[in-house]
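Using the working numbering, read the sequence shown as starting at 43 and increasing by one per residue.
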Amino acid sequence: MIVVMAPGSTAQQLEHVVHTVEQMGLTTHVIHGTNRVVVAAVGDKRMVDKEAVETLPGVERIVPILAPYKVASREVKPEDTAIALSPAGVRVGAGQKIAVIAGPCSVEDRHSLLDTARAVQEAGGVGLRAGAFKPRTSPYSFQGLGELGLEYLAEARAQTGLAIVTEVLTVSHVPLVASYADVLQVGARNMQNFMLLKAVGEQSKPVLLKRGMSATLEEFLLAAEYVINAGNPNVILCERGIRTFEDYCRNTLALTVVPAIKRVSHLPVIVDPTHGTGHAYLVEPMSLAAIAAGADGLLIEVHPDPEHALTDAAQQIDLSHFRRIMERLARVAAAVDRAL
Ligand code: PEP
Ligand code: MN
């Protein structure tokens with residue numbers, strides 16, 4: 043339920059409401075909107091006496107939350123959420139500039155990572171994304187450099203100021219990855235790894251949550267809900283394509299999910315046209331389309347020499363192609379009243 047505080051209610055009244063609701067066994071999220079303060083109370087409501095809450099001083103009314111996802115829904119927070127990618131402050135969502143996050147699929151070696159980072163930054167990217175721990179289908183494929191990869195990423199941040207986004211594969215790695223990264227990526231294969239969702243929710247770095255390859259919109263938002271309920275409201279959703287019968291591309295990029303999520307959720311949505319298609323030639327048109335469809339940002343894999351990439355060689359674009367895409371993206375963004 044949503045407890046709507048009356049205009050002019052005091053901080054003490056708010057505190058009392060939060061305390062009372064928590065005593066009933068619910069978790070509270072206080073949201074300071076433009077006109078009103080609301081308390082979203084989520085959890086098992088069987089033991090909740092709604093009337094007792096409705097009559098507390100400072101409470102205007104109580105509204106049930108109808109969507110299965112609660113704190114991610116617009117019912118609880120009508121206005122868009124913007125999330126800072128790093129303490130330095132580039133924000134994604136809520137009509138802020140379109141954030142382009144790019145980088146190689148994997149951290150392969152120090153030099154190529156630093157070269158790529160410089161190219162991403164010069165072309166107007168705001169984040170560097172590369173995997174140090176890779177979720178690979180085959181146990182015989184390159185698994186990533188591990189902590190050494192994280193060290194190179196930190197060096198790239200120091201040189202370029204780019205926010206570092208990198209995947210965390212497992213609960214036990216969360217403190218290590220969070221000690222290097224600005225944003226923790228939870229990959230498609232882990233979208234419903236509920237223990238991992240809780241673990242990234244219990245730390246303070248923003249989370250980039252990729253849509254599971256067979257997840258519905260509702261399952262995607264419920265996964266975000268796990269992170270938020272664990273204490274971390276900073277979840278960026280990423281559409282990365284879903285598995286369908288279609289086989290001309292690696293996945294089917296579901297751009298419809300961008301406006302569909304924006305209709306029901308306040309969270310920022312970015313699009314990954316790289317994994318979403320699996321082919322370098324499809325990255326540019328789908329990047330342009332994603333911006334036109336209202337995405338708050340993009341996640342693009344770029345590599346100085348895609349042909350020889352250790353992972354995802356077929357879908358990475360080279361650095362000069364990335365620069366060209368950025369120029370065209372700026373023009374599409376302007377056409378839909380946005381900016382890069
Ligand atoms: C990735 O971003 O490198 C990745 C493995 O993506 P996904 O989880 O979407 O497959
Ligand atoms: Mn990849």
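All C-beta atoms in this analysis are idealised placements derived from N, C-alpha and C, irrespective of residue type, glycine included.
Within 9 Å, strictly: CB atoms of residue i and residue j
{"i": "residue 177", "j": "residue 358", "result": "no"}
{"i": "residue 95", "j": "residue 62", "result": "yes"}
{"i": "residue 37", "j": "residue 122", "result": "For residue 37 there is no data in the structure shown, the boundaries of the chain being 43 and 382."}
{"i": "residue 151", "j": "residue 194", "result": "yes"}
{"i": "residue 385", "j": "residue 330", "result": "Residue 385 cannot be examined here, being either before or after the span of the chain that is shown, 43 to 382."}
{"i": "residue 245", "j": "residue 226", "result": "yes"}
{"i": "residue 249", "j": "residue 219", "result": "no"}
{"i": "residue 318", "j": "residue 294", "result": "yes"}
{"i": "residue 88", "j": "residue 46", "result": "no"}
{"i": "residue 340", "j": "residue 136", "result": "no"}
{"i": "residue 148", "j": "residue 354", "result": "yes"}
{"i": "residue 202", "j": "residue 172", "result": "no"}
{"i": "residue 166", "j": "residue 175", "result": "no"}
{"i": "residue 222", "j": "residue 196", "result": "yes"}
{"i": "residue 376", "j": "residue 267", "result": "no"}
{"i": "residue 300", "j": "residue 257", "result": "no"}
{"i": "residue 140", "j": "residue 337", "result": "yes"}
{"i": "residue 383", "j": "residue 373", "result": "One cannot answer for residue 383 here, as it falls past the ends of the chain, which runs 43 to 382."}
{"i": "residue 12", "j": "residue 183", "result": "The requested residue 12 does not occur in the structure, where the chain is confined to residues 43 to 382."}
{"i": "residue 230", "j": "residue 191", "result": "no"}
{"i": "residue 44", "j": "residue 80", "result": "yes"}
Residue i CB to nearest heavy atom of ligand 2 below 8 Å
{"i": "residue 317", "result": "yes"}
{"i": "residue 55", "result": "no"}
{"i": "residue 173", "result": "yes"}
{"i": "residue 150", "result": "no"}
{"i": "residue 353", "result": "yes"}
{"i": "residue 280", "result": "no"}
{"i": "residue 31", "result": "As displayed, the chain neither begins before 43 nor continues past 382, which places residue 31 out of reach and without an answer."}
Where residue i falls, given that 16 or more other Cβ within 10 Å makes a residue buried
{"i": "residue 77", "result": "exposed"}
{"i": "residue 224", "result": "buried"}
{"i": "residue 49", "result": "exposed"}
{"i": "residue 328", "result": "buried"}
{"i": "residue 350", "result": "exposed"}
{"i": "residue 162", "result": "buried"}
{"i": "residue 57", "result": "exposed"}
{"i": "residue 282", "result": "buried"}
{"i": "residue 364", "result": "buried"}
{"i": "residue 106", "result": "exposed"}
{"i": "residue 233", "result": "buried"}
{"i": "residue 243", "result": "buried"}
{"i": "residue 209", "result": "buried"}
{"i": "residue 262", "result": "buried"}
{"i": "residue 108", "result": "exposed"}
Proximity test, residue i beta-carbon vs ligand 1 heavy atom, cut-off 8 Å
{"i": "residue 291", "result": "no"}
{"i": "residue 326", "result": "no"}
{"i": "residue 49", "result": "no"}
{"i": "residue 261", "result": "no"}
{"i": "residue 358", "result": "no"}
{"i": "residue 227", "result": "yes"}
{"i": "residue 224", "result": "no"}
{"i": "residue 88", "result": "no"}
{"i": "residue 247", "result": "no"}
{"i": "residue 133", "result": "no"}
{"i": "residue 78", "result": "no"}
{"i": "residue 255", "result": "yes"}
{"i": "residue 266", "result": "no"}
{"i": "residue 285", "result": "no"}
{"i": "residue 338", "result": "no"}
{"i": "residue 348", "result": "no"}
{"i": "residue 144", "result": "no"}
{"i": "residue 102", "result": "no"}
{"i": "residue 177", "result": "yes"}
{"i": "residue 332", "result": "no"}
{"i": "residue 422", "result": "Because the chain here runs from 43 to 382, residue 422 falls outside it and cannot be looked at."}
9 Å Cβ cutoff, residue i in contact with chain D
{"i": "residue 372", "result": "Among the chains in the structure shown there is no chain D, since it carries only a single protein chain."}
With a floor of 4 residues, list each alpha helix (DSSP H) that falls wholly inside the region 252 to 315, ordered by position along the chain. Complete alpha helix (DSSP H) runs here, min 4: 259 to 271, 299 to 306.
Curious, which full-length beta strand (DSSP E) runs of at least 3 residues does the region 202 to 234 contain? Along the region 202 to 234, the beta strand (DSSP E) occurs as fully enclosed runs of 3 or more residues at 205 to 209, 225 to 228, listed in sequence order.
Which runs of the beta strand (DSSP E), 3 residues or longer, sit entirely within the region 77 to 146? Every beta strand (DSSP E) stretch that sits fully inside the region 77 to 146 and reaches 3 residues is listed by chain position as 79 to 84, 101 to 105, 141 to 145.
Length-filtered (4 minimum) alpha helix (DSSP H) runs lying within the region 325 to 381: 361 to 377, all fully within the region 325 to 381.
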